[in-house]
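Everything on this sheet refers to the single structure shown next.
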Amino acid sequence: MAQLCVALVAGEASGDILGSGLMRAIKARHPDVRFIGVGGPLMEAEGMTSYFPMERLAVMGLVEVFGRLRELLKRRKLLIQTLIDERPDVFIGIDAPDFTLNIELKLRQAGIKTVHYVSPSVWAWRQKRVLKIREGCDLMLTLLPFEARFYEEQGVPVRFVGHPLADTIPLEADRNMARAELGLGEGPVIALMPGSRGGEVGRLGALFLDAAQRLCELVPGARFVLPCANAARRAQIEQMLEGRQLPLTLLDGQSHKALAACDAVLIASGTATLEALLYKRPMVVAYRLAPLTYWILKRMVRSPYVSLPNLLAQRLLVPELLQGAATSEALAQTLAPLLKDGVQQTDSFDQIHRTLRRDASNQAADAVLALLKER
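Under this note's numbering, the first residue of the sequence shown carries the number 805, and numbering increases by one thereafter.
Okay, structure coming up:
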């Protein structure tokens, strides 16, 4: 087999995880392969020499993007020219659509095969982006089945590869072991997960703590665990806890252990809801945005649901309390019954887990190599 040259660009830690798994699977099938592009420490450990640090692409929020826009555009322009000169056999953009979709378009126009790994939320809003994807992408790899159906309807070559989290999280987690490791013992345990970013915790942290205080009245003996994404989030939560008396254990990271240990979850909308689903824990989903942002998105988003469990089930499987509906009383009253009877949710969770458990990295590698054989 001739040597392959595979170019990849990942923009944040989750993309680094996906990229490293894909690189490992490609190497297993085609050992004579060279990797170029932009990646993090995991992708570098698999053999990539990154053109520049991946952290330069990890920018969140409109204001932050504007502050770095000149640098990002300059890096993208140089990267496109470098890759056109290198002429890899295939380019794989991993998530980060605002950065990678334009690269894919330019490289495909230059005759280089292109793949996008992880669909942007085009099925929910800004649907016209699918036109750019169709023009710039030889193959879309999706983590979720409803995404693949959308692309098929839009005439974009697509393959549903499954979700890596479904591969790594066991079908049945050991609750007793997780509790023992966290020193929690017997009695009802509720996980509070108000998000990993400062803005999310600012909007939801105190709300979730207020709901926990109400749950103490509704659920005798209830205790709480709250995994903090980093030291800054822990300090933020500790400040909110001043003056409160709550049976709450703060964890540094360990969100998966918190989910394994708990009986139910009060959770912010986002990827964490998929993790809670995979751990088969009943949940109530809440979210608050800045009023103007919510007003704009409400008019742009076409999906009837915001949380991944409901999108995957294509029905209202878990309660979603958004914006003004997300009050401490409503959250507590909605969550309390799930501690006794959450099986209506969790029965469906197992079926979804099995649907997503497809050995994603190997599926993605097979799809990429099959695309190259079409040449």
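All residues carry an ideal CB built from backbone N, CA and C; glycine is no exception.
- Distance from the Cα of Arg1027 is smallest, within the candidate group Ala1015, Leu947, Ile916, for Ala1015.
- Taking C-alpha positions only, Leu1135 is separated from Arg1018 by approximately 9 Å.
- The beta carbon of Ala1140 is closer than 7 Å to those of Leu1019, Leu1022, Val1023 in its chain, skipping five residues each way along the sequence.
- Under DSSP, Val1088 takes part in a beta bridge, and its partners are Leu1070.
- Exposure of Ser1107 is indicated by the presence of fewer than 16 other C-beta atoms within 10 angstroms of its C-beta.
- Per the C-alpha coordinates, the member of Val1172, Glu985, Leu1116 positioned closest to His967 is Leu1116.
- By the C-beta criterion, the segment 948–955 is judged not to be in contact with the segment 972–979, since fewer than 3 inter-stretch pairs fall below 8 Å.
- When C-alpha distances from Thr1077 are compared across Asp1067, Ala1065, Ala1090, the shortest belongs to Ala1090.
- Taking 8 Å as the cut-off, the Cβ atoms of Met1087 and Ala1094 do not count as close.
- The segment 840–852 makes contact with the segment 813–821, as at least three CB pairs between them are under 8 Å.
- When the five nearest sequence neighbours on each side are left out, the beta carbons in the same chain lying within less than 6 Å of the beta carbon of Ser1000 are those of Ala1033, in order along the chain.
- Judged by beta-carbon spacing, Leu1055 lies beyond the 8 Å limit of Leu1013, meaning their Cβ atoms are not closer than that value.
- Under the three-state reduction of DSSP, Ala811 is assigned to strand.
- In the three-state scheme derived from DSSP, where H, G and I count as helix and E and B as strand, Ala995 is classed as strand.
- For Met1044, there is no enclosing beta strand (DSSP E); the residue is found in the alpha helix (DSSP H) stretching over 1035–1045.
- In the DSSP assignment, Glu1124 falls within the beta strand (DSSP E) that extends over 1124–1126.
- Apart from the 5 residues on each side of it in sequence, Ala1065 sits with its Cβ closer than 7 Å to the Cβ of Arg979, Ala982, Arg983, Leu986, Leu988, Val993, Val1029 in its chain, given in chain order.
- Scanning Asp1145, Ala995, Ile898 for the CA closest to the CA of Ile1071 turns up Ala995.
- With respect to Ala829, Ala1169 sits close: the two C-beta atoms are nearer than 8 Å.
- By the CB criterion at 8 Å, Ala1171 and Leu876 fall outside the cutoff.
- In the structure shown, Asp1151 adopts helical secondary structure according to DSSP, grouped into three states.
- Ile1041 and Val934 have their alpha carbons spaced roughly 40 Å apart.
- Between Leu1011 and Ala1130, the CB-CB gap stays under 8 Å.
- In this chain, the alpha helix (DSSP H) harbouring Pro901 covers 901–913.
- Residue nearest to Ile821 within the set Tyr921, Lys1144, Glu990, Leu883 is Tyr921 (criterion: CA-CA distance).
- Out of Leu905, Asn906, Asp893, the CA that lies nearest to the CA of Gly915 is found in Asp893.
- In this model, Leu1125 and Thr1138 are separated by some 9 Å (Cα to Cα).
- Membership of Asp836 in any alpha helix (DSSP H) is not indicated, and neither H nor E is assigned to it by DSSP.
- Closest by C-alpha distance to Ser1059, out of Gly1006, Pro998, Asp1145, Lys1102, is Pro998.
- DSSP places Thr1053 in the strand class (E or B) of the three-state scheme.
- Among the bridge pairs identified by DSSP, Phe964 is matched with Thr946.
- Contact check for Arg1085 and Ala1068: beta-carbon distance about 6 Å, within the 8 Å limit, so the pair qualifies.
- When rounded, the separation of the alpha-carbon atoms in Gln1149 and Ala1062 is 19 Å.
- Under the three-state reduction of DSSP, Ser1000 is assigned to coil, being neither helix nor strand.
- Leu1082 is not a Cβ neighbour of Leu945, given a cutoff of 8 Å.
- For Leu1173, the enclosing alpha helix (DSSP H) begins and ends at 1164–1177.
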